[in-house]
Each structure stands twice: as structure tokens, then as C-alpha cells.
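All letters in the sequence shown, in the order written, are residues 648 to 1204 by my numbering. Backbone N, C-alpha and C fix where the C-beta goes; we use that ideal spot for every residue, glycine too. In this text the structure is predicted, and so the values were computed from the model without any measurement. Each remark here refers to the structure printed beneath this line.
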Amino acid sequence: MVVFDPSMSSASIQSQLDNAFNSQLRSPTAQFGSQRYAFLFKPGSYNNINANVGFYTAIAGLGKNPDDTAISGSVNVDSGWNYGDQSNATQNFWRSVENLAVSPNGGTDRWAVSQAAPMRRVHIRGNLTLGPSNQGDGQGYASGGYIADSKIDGTVSSGSQQQWYTRDSTIGNWVNGVWNMVFSGVQGAPAQSFPATWNAAPPYTTLGTTPVSREKPYLYIDSAGNYNVFVPALRNNASGITWASGATPGSSIPMSQFYVARPSDTAATLNAALQQGLNLFFTPGTYHLSQPIAITRADTVVLGIGFPTLTPDNGVNAMTVADVNGVKISGLLFDAGTVNSSALLTVGTAGSSASHAGDPVSVQDVYFRIGGAVSGKATNSLVVNANDTLIDHIWAWRADHGSAPTGWTVNTADTGVVVNGANVLATGLFVEHYQKYNVQWNGQNGRTIFFQNELPYDVPNQSAWISPAGNGYAAYKVAAGVTSHETWGMGSYCFFNVNPSVNALHGFEVPQTAGVKLHDTFTVSLGGVGTITHIVNNTGAQAAGVSTIPVNLVSYP
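Here's what the structure looks like:
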């Protein structure tokens, strides 16, 4: 962690930022390296700062509100680092910007990211482009992304982004869109337009409000120079930023009530701190866990900064949360170990009927990786048993590439997200490449706003991938017996490059009942490498062919 203050020279700050980024430039190993960075800016003004943001890098202001920390220059993500394809931003993972204002050079900032790269509590005093620059038409490939509680004064251009989710923000305007651009609670969002009418509007799914939301906790420094963590309050039917009228509603927790974890800490040390009633603040690095981190106290805050990575050893589960109110988990990367874990993060107790509606558990900016850096294994990544849980921007990813070997029998994982609790809301659900159902939703009254999925690339043959329904496993399955479930803006893609003859019967599998409703749903075959016969159950046309055009379904049933 590096802390800057306005008295430091711009040249000194720039040098440290450049050293971190340039060490990754054109690197074939940086994507799965051990480097972790958190660059924190104390309140004040910073001129001529141009922060290129690489892998495992967090840029954040330390003010209580975004405008307390003002950068004149840029906070930039582009695709030029990519040693294989400088027009390709589809692997711009694991980076973030939070809680500051940017007055961009030339009037436009660039945040050309893919998964696990959130922009939160940011004020862009100009325009924002989400596509990379290094291609002839000025927009390369990208597969993001997520913005929340942010204000963009000018126009947001999504460029070549395949999909994007923006929540509870304020924008001047939005242009472009490819397959699935979703907005909830966004002031200035484009009007509903799904499927695309290309002569008039791209594919926009627009909800006026977000049913339930709570911004993730963040670190700040007060006027006395003391560090605290601010915990924003729960909002219902929210629209726009939390800081429109000044301070964000919520409460502060002094750092004296946190155990500040370092990579040398053992799981036993972390659990002892929790048992003493402390919260956990994870600093950057990799943590090896010989036992689960067990969170048992209501309203515990577990906050990571700079992509701290939790790796369970010898097949243990990485973290468990008791069935209590208000636990807040954010900013962590769970990286499966080489011995299979049954789950990486489990929230709540199976079969519990306790209501947490007034103070739900939240899981935010939490990422799960099965393979890539090591040949990891985990049956399930996230299991949610607690009722009313908020899942807000996660990426669960069974790796299709990495510095370690990957393959059908190498980095094995059944399911990314299992939801057993009732009244669970997911906002920004990215789940990819799992070998059975990517999402298995068993609880009643579930809701999902935005879902992005790729089915597993590496299915060796059809007989290896048969579900009870037939060919392949649905990306998103709602269990039989569920009578109430609703979704908006969901897409599943296939790219069966190991065996293009592989077929999935459908992308989505749900009970056929009036209370289960899907809005703005689609499938697509990437380059015709494999097929998906239907969209939902036996409804919808086949996704096939080299044109990579989605097959859309406005509503189901």
C-alpha cells in the first residue's frame, strides 16, 4: 500500500505509478502474477497525474466523498499492455478505481476493462469511454463491466463493450452498446430498448430504480488524520448517487476496531481477531489458509484493498459466515487451491428461516478463481444460504487460460453460485466456464439484475457434458419447485473451442410458472463455435453461425 498526499511532487507520484504499471507492460506473466498494489490519495488536489491501472491495482481516494480527492490528468485502462493483441481488452481483469474525482486530459477518461474491474464512487468531470484505443476504428474488444454510485458529467461511450452494468449513478448521456447494456437506478440512462433497433437504439435494459442496494464500505481519513472505514446505509428503490446532497448516509468504524491483516498472518490469527470482536482489513498480498476464516458476529466488516488473495490449502473452505445480520464482505479474491474445496465462500446456514431483510449480508467486489495461477479445484465457489443476501458485483471464473495448466480434468469446478436462501438479490452477476450449472438458484423470490456468462470452452465431447435435461448444462438454472423468481438483462455465450460439435440444449432453465419471469434474455454463439438450441427451456431460436449475432427473448413466459 502506498499513500500519497498533495504535498508530494507530481513527478514522485507519477514515478511510483509508472513503476507498477510498466513492470506489467507486454508481460506474459503479469495477469497471474503475485504483484498487488493499492495507491491511496489523501484528500486534496493532484495535478498532472496520469495513472495507468494494471492488474491487481486499486486506485482510491481517502476523502469521505469523491470530490474531496481531485486528480487532474487521467485514471486510465487501455489494452496496450497486451503482449498478444494490443487491441484486446477482454483480459483487463482485477483492477479498480474508487472514491475520487477526475478532470480528464482532453475531456475524456478511458476505463476499458473487462470483468472484476469496478468503478465505484467516482466523479468524472468530463466524458468517459469504456472501449480500448488500439484498433483502426478506435474501439478494440472489451468484455466488462461495472459502475456504481458514480457521476459522469458528460457522455459515457461504451464502444465495443459486449455488455455492461451500471447501478445507482448519474450520467450526462450514454451512447453505444453491443449485446447487453443494463441500467438500474441510473439518472440519465437511455430509454428501454431491447432487443436492439440498430437504426434507433442499441440493446438497453433500463430499470428506474434498484430494489435494494448498499454501497460497499471504504477507507477514508478524517480531519484529525485518523483512518476509518465508512459503511454506507441500506437503500430501497434507489436512484442516483449516495453523495448527491453531501455526505453519504451511513456510519464510520475507526481502524482501532479492525485487525489489519498481512499476508504472513495465519487463518488461526485472523480467527482469533474475529473472536475478539474485531473486523478484518486485508492489505494486498496472498494469504494461505489452513482453516476457514469463520465470521460469526453480526455486522462484521471484512474489507480488502489491493486485491488480497485468499487461497485455501489442503481442501479446506476459505471463508464461512454464520446466519447473522449485516456481515459485509468486499474486495477479496478467492483463489482455489490444488486440493478440492467443497466451497470457497459460504454465507449463512443451510435450511435457516431467519429474516435479514432489515440488515442483509452483502457480498461486493468479491471474485472467485478456479485455476489460472495454479491448477485450482473447488466444487462450488459461492454458496448463499442466508435469506435476503445482497450479491453486488462478483466474478466467479473457472479459468480458460493461465500461467498454470488448465483443462477439463485439471481445474475442476461444478458450480459458480448456489443460492439456497430466499429473497436474495444479485446485481451484477458474472459467472463463467463452470462444468455444470454456472448458477443454481434454489431459493424463493430471487432476483437478478444483469448476468453475464460464458459456458465452458473445454468440453471434450458431448457425452462428457449431459445434464438431466439433455445436452449440456444451463448457464442459469432455477430449481423445480421455485414459484417466484425474476431476472433482467441476462446473456449466455458459447465457444466450445475444444470440440465445436458440442451443443447446449438451452442457456436458461426455469420452472414454467407465472411467478418466474425473465426479461431481456439472450444467447449467442461466438463465431459459430458450438451451438445453444434454445434460450429458455424450449423457447427461443438456436444460437449458431459465424456472424456472432445474439438470439433474443424479450420476456418469458
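#1: Just to confirm my understanding: we take Ala997, look at its own chain, exclude 5 residues before and 5 after, and list those with CB closer than 8 Å. What are they?
#2: Suppose you measure from the CA of Ser654 to the CA of Asn695; what does that come to, to the nearest Å?
#3: Taking only the alpha-carbon atoms, compute the straight-line gap between Leu709 and Asp725 and give it to the nearest angstrom.
#4: Between which two residues does the alpha helix (DSSP H) carrying Leu921 extend?
#5: Does DSSP put Leu991 in a helix, a strand or coil?
#6: Let me check understanding here. Comparing Cα to Cα, which of Thr1026, Asp796, Thr813 lies closest to Pro896?
#7: Would Ile952 and Gly978 qualify as a contact pair, given that the criterion is a beta-carbon distance under 7 Å?
#8: For my contact list, Asn699 and Asn723 are in at a C-beta cut-off of 8 Å; report their separation, rounded to the angstrom.
#9: Would you tell me roughly how many angstroms separate the C-alpha atoms of Asn883 and Ala990, rounded to the nearest one?
#10: Tell me the residue span of the alpha helix (DSSP H) that contains Asn1184.
#11: Excluding the 5 residues flanking Ala1116 on each side, which residues of the same chain have their C-beta closer than 7 Å to its C-beta?
#12: When you compare each of Asp665, Phe651, Gly773, Ser719 to Phe686 by their alpha carbons, which one comes out closest?
#13: With H, G and I counted as helix, E and B as strand and the rest as coil, what does DSSP make of Pro713?
#14: Flag this pair as yes or no: are the beta carbons of Phe830 and Ala836 separated by less than 7 Å?
#15: Classify Gln1099 as buried or exposed, calling it buried when 16 or more other Cβ atoms lie within 10 Å of its own Cβ.
#16: Can you name, in chain order, every residue of its own chain whose Cβ lies under 6 Å from the Cβ of Val986, other than the five neighbours on each side?
#17: Restricting to Cα atoms, I'd like to know which of Leu1173, Phe1169, His1181, Val1176 is closest to Asn1199.
#18: Give the C-beta separation of Phe1142 and Glu1101 to the nearest angstrom, bearing in mind that I take them to be a contact with Cβ-Cβ under 8 Å.
#19: So, with DSSP's three-state summary, where would you put Gly773?
#20: Is the beta carbon of Pro1107 closer than 7 Å to that of Val1145?
#21: Could you tell me the boundaries of the alpha helix (DSSP H) in which Gln661 lies?
#22: Ordered along the chain, which non-local residues of its own chain (more than five positions away) have a Cβ less than 6 Å from that of Phe1077?
#23: Taking the alpha carbon of Trp741 as the point to measure from, which residue in Ser721, Gly753, Gln678 has its own alpha carbon closest?
#24: When you compare the CB positions of Asp1061 and Lys1083, do they come within less than 7 Å of one another, or not?
#25: Determine the direct distance from the alpha carbon of Thr1036 to that of Asn1070, and round the result to whole angstroms.
#26: May I ask which residues mark the beginning and end of the beta strand (DSSP E) holding Ala908?
#27: Mind reading off the beta-carbon distance from Gly1138 to Asn827? Whole number of angstroms is fine, and I expect it under 8 Å.
#28: Since Asn875 contacts Pro901 with CB under 8 Å, what's their CB separation in whole angstroms?
#29: Pull up the DSSP beta-bridge partners for Ala685, would you.
#30: Within 10 angstroms of the Cβ of Thr958, are there 16 or more other Cβ atoms? Answer buried if so, exposed if not.
#31: Once you ignore the five residues that flank Ser1002 on each side, which residues in its own chain have a CB closer than 7 Å to its CB?
#32: How big is the Cα-Cα spacing for Val907 and Leu927?
#33: What do you get for Thr1056, buried or exposed, if any count of 16 or more other CB atoms within 10 angstroms of its CB means buried?
#34: Should Arg814 be labelled buried (16 or more other beta-carbon atoms within 10 Å of its own) or exposed?
#35: Name the DSSP beta bridge partners of Trp845, please?
#36: If you measure between the beta carbons of Asn746 and Pro713, is that distance less than 7 Å?
The short version:
#1: Within its own chain, the residues whose Cβ lies closer than 8 Å to the Cβ of Ala997, once the five positions on either side in sequence are excluded, are Asn1032, Asn1067, listed in chain order.
#2: Computed Cα separation, rounded: 14 Å.
#3: Each residue's Cα considered, the two are about 25 Å apart.
#4: 914 to 922 is the extent of the alpha helix (DSSP H) around Leu921.
#5: In the three-state DSSP reduction, Leu991 falls in the strand class (E or B).
#6: Among Thr1026, Asp796, Thr813, the Cα nearest to that of Pro896 is on Asp796.
#7: At a Cβ-Cβ threshold of 7 Å, Ile952 and Gly978 count as neighbours.
#8: Contact annotation, Asn699 with Asn723: C-beta distance approximately 5 Å; criterion of less than 8 Å satisfied.
#9: Per the coordinates, the alpha-carbon of Asn883 lies some 31 Å from the alpha-carbon of Ala990.
#10: No alpha helix (DSSP H) contains Asn1184, which DSSP labels as neither H nor E.
#11: Here Ala1116 has Leu1152, Glu1156 as same chain residues with Cβ atoms under 7 Å from its own Cβ, once five neighbours each way along the sequence are excluded.
#12: From the listed residues Asp665, Phe651, Gly773, Ser719, the smallest Cα separation to Phe686 is found for Phe651.
#13: DSSP places Pro713 in helix when its eight states are reduced to three.
#14: Yes, these two residues count as a Cβ contact at 7 Å.
#15: Per the 10 Å Cβ criterion, buried.
#16: Cβ neighbours of Val986 beyond the five flanking positions: Asn961, Gly962.
#17: Per the Cα distances, Phe1169.
#18: Between Glu1101 and Phe1142 the Cβ distance is about 6 Å, and since that is below 8 Å, they are a contact.
#19: The answer is coil: DSSP assigns Gly773 none of H, G, I, E or B.
#20: Pairing Val1145 with Pro1107 gives a Cβ-Cβ distance under 7 Å.
#21: Residue range 657 to 669 is occupied by the alpha helix (DSSP H) that includes Gln661.
#22: Around Phe1077: Gln762, Trp1042, Gln1099.
#23: Cα-wise, what sits closest to Trp741 is Gln678.
#24: The answer is yes: Cβ separation under 7 Å.
#25: Their Cα atoms are separated by approximately 7 Å.
#26: Element bounds for Ala908: 905 to 908.
#27: Right, their Cβ atoms sit about 5 Å apart.
#28: At roughly 5 Å, the Cβ-Cβ gap stays under 8 Å, so Asn875 and Pro901 are in contact.
#29: Answer by DSSP bridge pairing, in chain order: Ala705.
#30: Taking all protein chains in view, the Cβ of Thr958 is crowded by 16 or more other Cβ atoms within 10 Å, so the residue is classified as buried.
#31: Here the set comprises Asn1034, Asp1035.
#32: Here the C-alpha atom of Val907 lies approximately 6 Å from the C-alpha atom of Leu927.
#33: It counts as exposed.
#34: Flag for Arg814 reads buried.
#35: Beta-bridge pairing links Trp845 to no other residue.
#36: The beta carbons of Asn746 and Pro713 sit closer together than 7 Å.
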